[in-house]
Each structure stands twice: as C-alpha cells, then as structure tokens.
Amino acid sequence: MITSFVFKALDRRAIWVIAVLVGLAVLVPLLNLALPAGHPLHVPNYAISLMGKYLTYALLALALDLVWGYCGILSLGHGAFFALGGYAMGMYLMRQIGARGVYGDPVLPDFMVFLNWQELPWFWYGFDQFWFAAIMIVLVPGALAFVFGWFAFRSRVTGVYLSIITQAMTYALLLAFFRNEMGFGGNNGLTDFKDILGYAIQADTTRAALFSASALALAAAFLICSGIVRSKFGKVLVAVRDAESRSRFFGYRVENVKLFVFVVSAMMAGVAGALYVPQVGIINPGEFAPANSIEVVIWTAVGGRGTLVGPIVGAVLVNAGKSVFTAAFPEFWLFALGALFVAVTLFLPKGIVGALSGLATRRPRRPAPVIRDAAGEAAE
Amino acid sequence: MKRFIAALFILPMLFSGAGADDGLIERIDALATGKLKDRAAQIEAISETGDARAVPALQALRDGSLYFRKSDKKVFLAEKSGSDFVLKDPLTAAEVETLSKSAVRKVKVNNRLRRQLTAVIGSMTLESPDPGTRLAAARTIFKTGDVSALEALEAAIRTEQNADVLAAMELARASALLKSDAETFEKVKAVELVGTRGGRDAVPLLKELESSQDESIAQAAGKQIAQIEKAQVLWNSAQTVWYGISLGSVLLLAAIGLAVTFGVMGVINMAHGEMVMLGAYTTFVVQEVIRGSFPGLFDYSLLMALPLAFLVAGACGFAMERGIIRFLYGRPLETLLATWGVSLILQQAIRTIFGPTNREVGNPSWMSGAYELGGLTLTANRLWIVVFALIVFAALFLVLKRTGFGLQMRAVTQNRKMASSMGIRTPWVDALTFALGSGIAGIAGVALSQIANVSPNLGQSYIIDSFMVVVFGGVGNLWGTLVGAMTLGIANKFLEPYAGAVLAKILILVFIILFIQKRPRGLFALKGRAVEA
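As you go down the protein sequences, you meet chains A and B in turn. Per this note's numbering, the first sequence starts with residue 151, numbered consecutively. Per this note's numbering, the second sequence starts with residue -13, numbered consecutively.
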C-alpha cells in the first residue's frame, strides 16, 4: 500500500521537484565545503543559512497549500504551528547548552536562573533527548491542530470565520508566549544555542548539514503532499473544497477529511519551524504574530495555490525579494509587499505556476472561481 | 491654662499695636524675637486673632520656610532661589526683595511646635469665610483626629451654615472625640457617625478602635468596618463595570465601522484598523495646524477633526472599494488578502510621512479631569468616549433605519438582484456603504487618539479585537456589535484582577474561539435566507 502510495505520488512534476531538491541537498553543501573560498562556484557561508531558511519557509508554505489550495481552509494561524515546532527544537537546543550558559547552571537555562526559578518546569522534562524533542516537534503542533480542528470543523465553522479564529488562535498564543510565567523565555525567547546533536551549531559543516536536512525534509513533504493529493482521498479533498455540502450529502465525513489534512499540515509546519530555529539561531514570540501567518498566505498565493510547486517557488521568490529589498530600500519593502498582495489577488489569482501551466497547456479558459488541480492535469 | 499665660504674655503687645492689621503683622514679626520656648505663646497670640490671613505665615513656619531679615527682624515668607532668598510679605505674599543667605535667618521651630501649628491652622481655617477652606480644614482634622481642634470644631459647628461643610465638621468632631477621653456612649455614637459617613477614609481610624479596651466601642467599630467593607466591595465592582464599559466603548468604536463593511456587506476589510489610524493622524494634523495658526481654537480641535477624519477615511474607503474590492465580491478570502496588502501600504505610507514614532495628540481642556460619583471615579476622557461611542452608534442606527440610503443599503444586503431590478444602483450603494464604514472608522480614530498612542501600528492593535467583537455579536446586526463590545469589555475587566491583563485577554480570545464553535453565527444570528447568502 505504501509503495503504491509513493508510486502514485511520483508523477512527472513530483519527480522533477524531488530530484531538484535532493540535488540541492547534495550539491550546495559540496560547493560550500569542498571548493576554496575564491572559486567562482563556491557557495558562501551566509548563503547556505539564507537558502536553508528559505527552504523551511517553502515547507511552511507547502503545508499551507495542502489545506488552503486543496481543501479550501484558509488558515491565518499556520505561523503558530511553525513557531510551536520551533519552540520544541529551541527547548532541545537550550538543554544542550548545559553548564555553558552565562550563569553556568547545569540544568536550568539562563532565563530561568535570571527569573529565580529553582527547578525545571515539568514541560521541559525530556527535552534533553533529541528523540523526545523530535516527537514533540510533530506532536505538539499536531495536537493543537487536532483539538482546534476537532471543534472548528465539527461545528462547521467555515470560510472567513475559520480564518479569523485561526488568527485569534495565533494571537492568543503570541500573548501567552510573551509572558515570562509561561516558562519559554518570555519576550526574548530562546537563543544563544551552542550544539545540535553534539555538533557546534555555528560550524560550517553543521550549517551545510542543516541545509541538506531542510532540502530533504521539503522533498519528503512534497512526496507526502503529492501522494495525498493524487490519492482517492485527494479527490475527496478537492470535492470538499469545491462543494462541501454536496460531498457531505454523498456520504463523506467532511469534518474528518478536513481534520486529517489540517493535522498533517500542522505537523509539516512544525517540522519547518524546527529546521528554521537552528539556522537562524533564535525563536521568540514574534513568530506567532498574525502578520507572519498572513505573509505565508501571500507566498502561497504568489506561487500559485493548489499546485504544490507554487508555494515553494513563491516562498523562495518573495523572501529573496524581501532580502534584496530590505537591504537596498528598507522603506519600500512594505509598499512592495502590500502591492504584491493586491496585484496577485487581482491579476494572478492562480499565481505564477498556475499562470505558467495555463500558458503551457494552452487550454481554453475556464470560469474563474474554480481552481484547477494543476498537479493532476499536468500528468495527463 | 496655656491660653491664659499666652494671653498674659500678649497683652502688652496688643495694646502697643496701632490697629487691627498692624496688630497681626506685629504678632507675626514677634516670631523673630525671643527663644524657641517663647514661640508657643507667640503662635497662640496669632491664633487668638482668628484672622485667616495669618495662615500662610503659620504654614510657612511649620514647613520651615519662614525667615526674618537680620537687619530689622521683620518676618517674611522665603523662597530659595540659588544661594539667595526671595522674600515675600507674610500677609499678601507679594514679593519684597531678594537677599543673600547671610542676611536672613530661619525662624526656628521644633516638632512640638509643628503639632501645635497644625492644630492652630486647623482652627483658624475652620473660621475662614471661604467654605472650601473650611471643608478642607474639617477633612484634615478628620484624618488626623486632632483632639486639640475639638473646641474650635464645636464653635465652628454652631455657626456653620453650609450643609456640606457642616457634615464634614461633624465627622471631624466625631473623629477628634474618639481620640479624646470622652464618655463611652459618646464614643460609640461617634463610631457610628464615622462609620456611616466616613467611607473608605474611616477604615484606618476604626481599625485602631477595634483593639480598644472598651468592649462596646470595639464592637461598634468592628460592625462599622464590616459595613464599610461591604459597601466597598459593591463600589469596587461598580468601578470595574465602569472600566469594562469604558473598554467596551473603545471596542465598540473600533468595531462599529467593521460592523458595516463586514457585517452588512460581508467584506473582510483587514485595512479597517488603518482607517482608524488615518482618523487619528487627521486629528494630529488638525491639532498641528491649530497650534501653529489659531492656538485659541485648541479646545475645538476634536470637533473640527471629526468631519475631516470622516472624509479622509471615507474617501480612502471609497477608493479602495472602486479600485480593488469590487473586483473581488464573492471571493472573501481574496478580499482578505488584498485589503491586508492595502493595510501594509497605508501603514508604510504613514510611516514614511510622519515617521515611525508616536505622535503627540493633546487633550482639550474639557476632556481632562475627573468626576467623583459616590465611590466611583470617572475620568473625563473615558466618560466622553463612552458618550461619543453611543452617539456614533445611535447615528449609524438612524442612518440605516431612517434614511433612504439606509433603506437602499439594507435592500442590497438582503437581495441584491431584486434591489437592482427595482432601480437601485447596487455598485454605487456598495461603494457608499464601504465609504460609510470606513468613515466611521476614521471618526473612531479621532476618539482613540485621545487614549491610545498615535503611531503607524495603531490600527493593527485593534483589528483582531474588532473582528472578535463583530463575530461574537453576530454578523449583520448592529445591536449584536453593541452587546458584543460591552460584554467583552466588562468580562475582560472582571477577569483582569484574577488573571492579569494579558491572561485575561487570552482567556477572552479562547472563550470567543469556543463560542464560535457553539454558535458559528454569533450572539444575534441573522435568520432566514440572508444566512445562506
């Protein structure tokens, strides 16, 4: 069954994407580590971290595309799952610091010593083990998504109402994580990491490995998403998106379908956050800000929702644009981002990838509101 | 006995004085003569005159700012300026001259004298012709329980005409009586008086008595404390309700425009907060112009800003509807994204023009100060905002229910096609409705500029709250918005003492998230066909 799932998932586009990602995962670290600094093909160190960060963003956007593009659930709170995954990783990294902190306490992280805490809170137990942290990275976002989705989908909260309460959810978490009493470092968050799995986090080789891990995680997530979308379940997903009531009358348990895909998506977002944190070296409550989650939506929309490839393209393009813009004209980045929101919704409702594949297949235009399952069509 | 001696001492001076006025000034000047031990009698001599004009000099003596000129031993109120002293006439407080430190000397005073001075000042002020002075004096005695003032109080009560002052004096007498060695039954009566009229300020006094030797007094005091505390709990919750209403009216102001654009039109306008921000910045600009050109009109600045803010935000909303939103009807999620983009652009535009820091928006004089209502304190700006929010609500309600435009608006909401076939220009109505909602947000900005920081992030801090209010109250229902705003405001303020401000907000958010599960259409859901539209 698993082989057939994987086999089905691998249409031509998926093979290309996964091949490119795996290629990147091998090639980029090689170009960074093996070539001398002066060589024209040498990839500088800062670029590795930057690209690694883009890839985790791409993974987050891909997760959002699965729920928004294929199931019509516009989550404005995916940043919350991302940040939770990040915090789980951050807690592991904090515990790895050990006695090397500023205060030199063997167990307690610096901020707890600073707050005069005597012992580790119960929810920090186990985070000194990587396997435990790794489980938490998917479990915590998944559990939150499950509880949230259980209530929301069962009582048929849909459309913009759902969007607004997901936004409220991440806003509430933002406020909560700002509190020192929560035990997650309050305003400053978790930072000053030293090691990951015994390797120094600042080392070039570790950075290169993290980049590879991000690329491979993205490839794996793409495989999973592609498999879900191309399976029979994927067809139900699209049916729910396009005609929820009708699917319900056909006998599909709409809320279970939604819940499943929402939880899977949240777990992917958690993994993205976990890979993001060691590469940027900090996690703080700012990641929960509603604005961040909405920005993820625009990456997905720019690239083309409901295409799976689109969000990856969109996330990388928009963030590369952001890096260039904020360095060159910091004043204008928000103008550009705002204009992007307006322009994409008005003129490019299917995003870059949607528009391109529309050109490629040269089909007569269909009525606007229906979003085509572009990944499926390309395989025909 | 003391008085008698003082009188003896003063007698010769009395006769040496030329007239009443000169007598007073000479008695004050007498403070510069003699030793510290003579001073009590000198003070007593001044108090004998009962002339309230001497009070500033006595107060200065108590506070150690009474000096005399070495050359002629004349007494002055002195104010230090650098190493010199500015001397002022003790009666008129008119400036006389500035002398160096070596030319003056302080009139010495000790703690015993300070106590005496307090009592003397109290009794002198009790006879003052100004009721405000008398009231303040009575309140001071009530707080200190000054036994020496008892006699003066008795005398003052006999002649007092003003009812408020009389009540305060009786209270003061009761308080002084409790400290004296009066009979038990008198004291019990005094305790009751203090308890029933004294309010919160009486508690420390009564607490002291609760441990008194005399059983009946202790009992009476205990009973009064219990009663006061019970009343206090009541007033405290009333105060919390007031804070809640105040917060609720802020939420109402922020959400009411959204109730039109989101509630009536179904458009998710993420730039709504920025319309509020535009209104606040309009107020800032109006105030700047007034400060620069017509400073006399400052008190009317808010009134002038109101229509302007409505126009600025309304025009902006109109442009948004015509330029962007009308292409996205029926695609709410895209509308959400596009308006978010607009909000980013507006924020950055304001940041570029006015800078990223907070801008100072002043309060006109009629919005500062506070009113006391029983145990409640109502600050004027909060009070005005509550009133203003209700006025805006009522005005919007009337526009929707009583004008032709409101009728057309409701018609379009209920059945667009039918409205269109009846000859209503639906696109025009859409644009105007959106402009109306945005304009109201602008007006809200004028009010919020008085209590919030005017910065480019002003709108962001309100957007989620306003959506919560509208969704909680029920979309498409103005009453829902009102009830929703007030409920959330009051609930928030009641939770705050138990959970802290941030946790209270989180709890409210969680509550709303759960509430929407239970009633996805809000508190006051629309019924009928409009629901499915």
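C-beta: ideal position from N, C-alpha, C; glycine also. Just so you know, these numbers come straight off a predicted model, no measurement behind them.
Taking 9 Å as the Cβ-Cβ cut-off, the region 376 to 393 of chain A has no residue approaching chain B. Residue state for ILE351/A is assigned as coil, using DSSP reduced to three classes. Secondary-structure assignment with DSSP links VAL90/B through a beta bridge to ARG55/B. Residue environment analysis places PHE374/B among the buried positions, since at least 16 neighbouring C-beta atoms fall within 10 angstroms of its C-beta. Annotated as proximal: GLY50/B and VAL95/B, with beta-carbon spacing under 8 Å. Counting along the chain, the unbroken beta strand (DSSP E) around ALA356/B starts and ends at 356 to 359. Excluding its 5 nearest sequence neighbours in each direction, ILE426/B has C-beta neighbours in its own chain below 7 Å: ILE242, GLY243, VAL246, VAL378 and LEU382, listed in chain order. The contact set of ALA477/B on chain A, defined by CB atoms closer than 7 Å, is empty, because the minimum CB distance reaches about 15 Å. Annotation for LYS66/B: the continuous beta strand (DSSP E) segment containing it runs 61 to 67. About 7 Å separates the Cβ atoms of LEU323/B and ILE448/A, confirming a contact at the 8 Å cut-off.
When beta bridges are read from the DSSP output, ILE432/A appears opposite THR341/A. Judged by pairs of C-beta atoms under 8 Å, the region 336 to 356 of chain A touches the region 423 to 432 of chain A, as three or more such pairs exist.
In this structure, LEU209/A keeps its C-beta atom at 8 Å or more from the C-beta atom of SER473/A. Per the coordinates, the alpha-carbon of LEU181/A lies some 21 Å from the alpha-carbon of TRP166/A. For PHE301/A, the enclosing alpha helix (DSSP H) begins and ends at 280 to 304. One thing to note: LEU444/B has its Cβ within 8 Å of the Cβ of MET263/B. Taking 9 Å as the cut-off between beta carbons, the residues of the region 311 to 328 of chain B near chain A are PHE313, LEU314, GLY316, ARG317, PRO318, LEU319, GLU320, THR321, LEU322, LEU323, ALA324, THR325, TRP326, GLY327 and VAL328, in sequence order.
Cα atoms of VAL193/A and LEU185/A: separation of roughly 8 Å, rounded to the nearest angstrom. Between the region 193 to 201 of chain B and the region 139 to 152 of chain B, the count of C-beta pairs closer than 8 Å stays below three; the two stretches do not touch. Residue contact check for LYS92/B against chain A: no CB pair falls below 8 Å. Cα atoms of ALA124/B and SER109/B: separation of roughly 9 Å, rounded to the nearest angstrom. At a cut-off of 8 Å between beta carbons, GLY453/A makes no contact with chain B. Residue contact check for SER473/A against chain B: no CB pair falls below 8 Å. Taking every protein chain shown into account, the CB of GLU146/B has 16 or more other CB atoms within 10 angstroms, so this residue is buried. The closest CA to that of LEU474/B, considering only ARG39/B, VAL455/B and VAL461/B, is found on VAL455/B. A residue is called buried once 16 or more other Cβ atoms fall within 10 Å of its Cβ, and ILE450/B is buried on that count. Rounded to whole angstroms, the separation of the alpha carbons of THR389/B and VAL415/B is 13 Å. Contact with chain A is absent for PHE420/B, since none of that chain's Cβ atoms lies less than 8 Å from the residue's Cβ.
With a threshold of 8 Å between beta carbons, LEU214/A makes no contact with chain B. Interface criterion met: the Cβ of ILE444/A is under 8 Å from a Cβ in chain B. Note that the C-beta distance between VAL236/B and ILE371/B is below 8 Å. Inside the region 84 to 170 of chain B, DSSP marks whole beta strand (DSSP E) runs of 3 or more residues at positions 90 to 92, from first to last along the chain.
For the pair ALA160/B and SER33/B, the Cα-to-Cα distance works out to about 23 Å. Residue burial is scored here from C-beta neighbours: GLN333/B has at least 16 other C-beta atoms within 10 angstroms and is therefore classed as buried. Legend: CB atoms of the region 490 to 504 of chain B lying less than 8 Å from CB atoms of chain A belong to residues LYS491, ILE492, LEU495, VAL496, ILE498, ILE499, LEU500, ILE502, GLN503 and LYS504. Taking 9 Å as the Cβ-Cβ cut-off, the region 328 to 353 of chain B approaches chain A at VAL328, SER329, LEU330, ILE331, LEU332, GLN333, GLN334, ALA335, ARG337 and THR338, given in chain order.
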